[in-house]
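A.B. asks: With the sequence shown counted from 1, adding 412 to any position gets you the working numbering.
Just so it is clear, CB atoms sit at the ideal spot from N, CA and C, and this is done for glycine as well.
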Amino acid sequence: MAAKNSPMALPMFLAYSVTNGITISMILMFYTSETVVLAFVSAALMFAIMAVIGMTTKKDLSGMAQALRAALWGIIIASVINIFLRSSGLSFMMSIISVWVFSGLIAYDNQRIRNVFKQTGGNVGQGWVVSMALQLYLDFINLFLNLLRIFGGLSRD
Numbered sequence: 413m414a415a416k417n418s419p420m421a422l423p424m425f426l427a428y429s430v431t432n433g434i435t436i437s438m439i440l441m442f443y444t445s446e447t448v449v450l451a452f453v454s455a456a457l458m459f460a461i462m463a464v465i466g467m468t469t470k471k472d473l474s475g476m477a478q479a480l481r482a483a484l485w486g487i488i489i490a491s492v493i494n495i496f497l498r499s500s501g502l503s504f505m506m507s508i509i510s511v512w513v514f515s516g517l518i519a520y521d522n523q524r525i526r527n528v529f530k531q532t533g534g535n536v537g538q539g540w541v542v543s544m545a546l547q548l549y550l551d552f553i554n555l556f557l558n559l560l561r562i563f564g565g566l567s568r569d
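1. Does the Cβ of Ile518 have 16 or more other Cβ atoms within 10 Å, making it buried, or fewer, making it exposed?
2. Along the chain, where does the alpha helix (DSSP H) containing Thr354 start, and where does it finish?
3. Find out if the Cβ-Cβ distance for the pair Val511, Leu555 is shorter than 8 Å.
4. Just verifying my parser: in three-state terms, what is the DSSP assignment at Asp472?
5. Does Tyr428 pass the burial test, meaning 16 or more other C-beta atoms within 10 Å, or should it be called exposed?
6. In the DSSP assignment, find the alpha helix (DSSP H) that holds Pro419 and state where it starts and stops.
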């Protein structure tokens, strides 16, 4: 864990977060404020629930992580294919599947954090902490963006 103690980890994470915030603010311009608030509140509640599940469950979620990563690769491949197909139905279905995948990853990542802290007594390097913060940040952002697509698609119909 201490090997991942790069002094650049935190500044890079902050720079990425700012850049991502600018990008997301541009995306939000295409949605109503009601849709954005609904997606954000839903994502925050789902994140909190899945984090608690990940932190408290006795079941080992590491087996689930492999299936979630495979599903994530499937979503990435389907997204590339959908660039050419331009199917709104496929896009909507991928958003629904993505919500499930990122919800599972939130639970798994929180359990992994809990387990590492138990094993090391909290003695982990800053690089690892930043890496896990980035992981949870990406889980939340992807959950939020997919809920935004779902709610935005529903409000247009």
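C.D. replies: Put simply:
1. buried
2. Here the chain has residues from 413 to 569 only, and residue 354 is not among them.
3. In this structure, Val511 sits near Leu555, with a CB-CB distance shorter than 8 Å.
4. coil
5. By the 10 Å Cβ count, Tyr428 comes out exposed.
6. Note, Pro419: premise wrong, no alpha helix (DSSP H); not H, not E.
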